[in-house]
Ligand SMILES: CC(C)(COP(=O)(O)OP(=O)(O)OC[C@H]1O[C@@H](n2cnc3c(N)ncnc32)[C@H](O)[C@@H]1OP(=O)(O)O)[C@@H](O)C(=O)NCCC(=O)NCCS
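Residue numbers (my numbering): 638 to 982.
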């Protein structure tokens, strides 16, 4: 059987309206903790300056979850907001996909803890680990379940409490990350707008650029592993930067190619919110105008799997994106992993 994609997007890999199915994003939501940690606050913790952080990253402040506030709490709040905007009840949710590298605990999955918190007792649920690329991986996986007729309503969440794995003595990393959550409700809505395509990629040969060694089967928690600070994330900043720019531009171009779209048709580009210099470099290599790029990293820093989910919600809520507009999302993270998605909002 041949696909019957929309008239506007002739390429069969633009997947919406395929055999009577369509993956629509019917609602998005987000949540960030109240506590703000400014660059001035970090100057008191490590040998850094607001000037250094701002000029190298663009980040001015980030959010920090309370001691008793966990990834599941933030994920549940973002999910409830997305469900409310989508007009979907907890009973309607068929599947919960949670993208995170900071689950509440190794098991059970934090998706199950969120299921309990939002009362979506009919839903299946699992955690997805693709680091900062997790939300795009989640959208693609959710879309596959909808297009295959397995499920009609899928909740995709990106949520992180990165403050729990950041080494507050390491100035190379502690200035970069923040806590928060974003969510999207995917639904089968034939003849509606939706997710046109999603690209995913990975390169495990570069796994050593960004990792947390402790807490898994290779290095379980011991007094020695804690003393050696192995339960904190580590990163080779410069190499990560170069790989991010390369992978994001390649993924974005592939997503546009699949939809036969020129960058000028995109109303809003939502890149992973890691560093203003990465955003600018990717935008330039895509031939985008600065006003096409959505940026909120100055407020939140890098929130990993939550990053583009929060940004999508803010782009929609602020009116930057209107129904019918084309959005390009593009991400990069540890793994290495990367991805891009084109959405007709
Ligand atoms: C981390 C990053 C901001 C560093 O910027 P950079 O221009 O590459 O800086 P460098 O690594 O060359 O470091 C320059 C100097 O600043 C110092 N430095 C690092 N962090 C600092 C900080 N917070 N404050 C002040 N100085 C700092 C370094 O120690 C180094 O000093 P040295 O030259 O005496 O050794 C940048 O590499 C980056 O953004 N990388 C990608 C990070 C990322 O996005 N990761 C997540 C991907 S999902």
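We put the CB at the ideal spot given by N, CA and C, even for glycine.
### Query
Going along the chain, which residues of its own chain have a beta-carbon closer than 7 Å to the beta-carbon of residue 866, five neighbours each way excluded?
804
#### Entry: Helix, strand or coil at residue 983 [DSSP, three-state]
With the chain covering 638 to 982 only, the question about residue 983 has no answer from this structure.
### Query
By the 10 Å Cβ neighbour count, where 16 or more other Cβ atoms means buried, how is residue 742 classified, buried or exposed?
exposed
### Task
Could you check which residue in 724, 738, 721, 963 has the C-alpha nearest to that of residue 850?
738
### Query
So which of 868, 843, 841 has the shortest CA-CA distance to residue 854?
868
### Task
Specify whether the stretch 805-816 and the stretch 836-844 touch according to this definition: at least 3 beta carbon pairs, one from each stretch, less than 8 Å apart.
no
### Query
Would DSSP call residue 809 helix, strand or coil?
helix
### Task
Give the single residue among 698, 912, 693, 678 whose Cα lies nearest to the Cα of residue 669.
698
### Task
Using beta-carbon positions only, say whether residue 977 and residue 891 come within less than 8 Å of one another.
yes
### Message
Checking 8 Å against the spacing of the C-beta atoms, do residue 793 and residue 820 come in under that value?
### Response
yes
### Query
CB residue 663 to CB residue 910, shorter than 8 Å?
no
### Query
Using CA coordinates, which residue listed in 860, 893, 780, 916 is at the minimum distance from residue 880?
916
### Task
Under 7 Å Cβ to Cβ from residue 856, same chain only, skipping five residues before and after it: list those, please.
850, 862, 867
#### Entry: Span of the alpha helix (DSSP H) around residue 976
Residue 976 -> not in any alpha helix (DSSP H); beta strand (DSSP E) instead, spanning 974-981.
### Task
Grab me the residues of residue 882's own chain with a C-beta within less than 8 Å of its C-beta, minus the 5 sequence neighbours each way, in chain order.
915, 918, 919, 922
### Query
Quick one: what's got a C-beta closer than 7 Å to residue 925's C-beta in the same chain, skipping five residues either side?
900, 906
#### Entry: Helix, strand or coil at residue 846 [DSSP, three-state]
helix
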